[in-house]
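Numbering (the working numbering), first residue to last: 8 to 115. Note that CB positions come from ideal geometry on N, CA and C, so glycine has one too.
Okay, here's the thing in structure tokens:
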């Protein structure tokens, strides 16, 4: 048996973990944008985990595997950045101000 068939489950766990981390952050950003509670986070993230588990099941040798993995992460990053930016914009509109942490300010 070749490497891809012997390591499918480990590869699936790796892909699922990557998806789960990125989409946990994007779900938190959406929850913050909507000023939601932990219940909203769970309502957004729990069904997403099921979908991510299913999406991570493409066999390593599948022709669309790399596309699905890249798109899965890219969608999470776009949602994270978009929701984060909208959250900051909404907070600024409410009169909040943001400052960079001193370590970041020193290098900017």
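What runs of the alpha helix (DSSP H), each 4 residues or longer, lie entirely inside the stretch 25 to 109? As summarised for the stretch 25 to 109, the continuous alpha helix (DSSP H) elements at least 4 residues long and confined to that stretch are 45 to 62, 72 to 100, given in chain order.
Just the Cα atoms here: how many angstroms apart are residue 56 and residue 34? Approximately 11 Å between the Cα atoms of the pair.
Rounding to the nearest angstrom, what Cα-Cα distance links residue 43 and residue 51 in this structure? Rounded to the nearest whole angstrom, the C-alpha separation of residue 43 and residue 51 is 11 Å.
For residue 18, count neighbouring Cβ atoms within 10 angstroms of its own Cβ and tell me buried if that reaches 16, exposed if not. That one is buried.
Please report the straight-line C-alpha distance between residue 83 and residue 30, rounded to a whole angstrom. So the two alpha carbons sit approximately 5 Å from each other.
For residue 38 and residue 48, believed in contact at Cβ under 8 Å, the rounded distance: So it is a contact: roughly 4 Å between Cβ atoms.
Confirm the yes/no value for this check: CB of residue 33, any heavy atom of the ligand SAH, distance under 7 Å. Judged by which ligands are present, the structure shown has none, so any question about the ligand SAH falls away.
Residue from 79, 100, 109, 85 whose Cα sits closest to the Cα of residue 24: It is 79 whose Cα lies nearest to the Cα of residue 24.
What is the rounded straight-line gap between the Cα of residue 101 and the Cα of residue 46? About 24 Å.
Between residue 72 and the rest of its own chain, which residues show a CB-CB distance below 6 Å, the 5 nearest in sequence each way excluded? Non-local C-beta neighbours of residue 72 in its own chain, meaning closer than 6 Å and more than five positions away in sequence, comprise 65, ordered along the chain.
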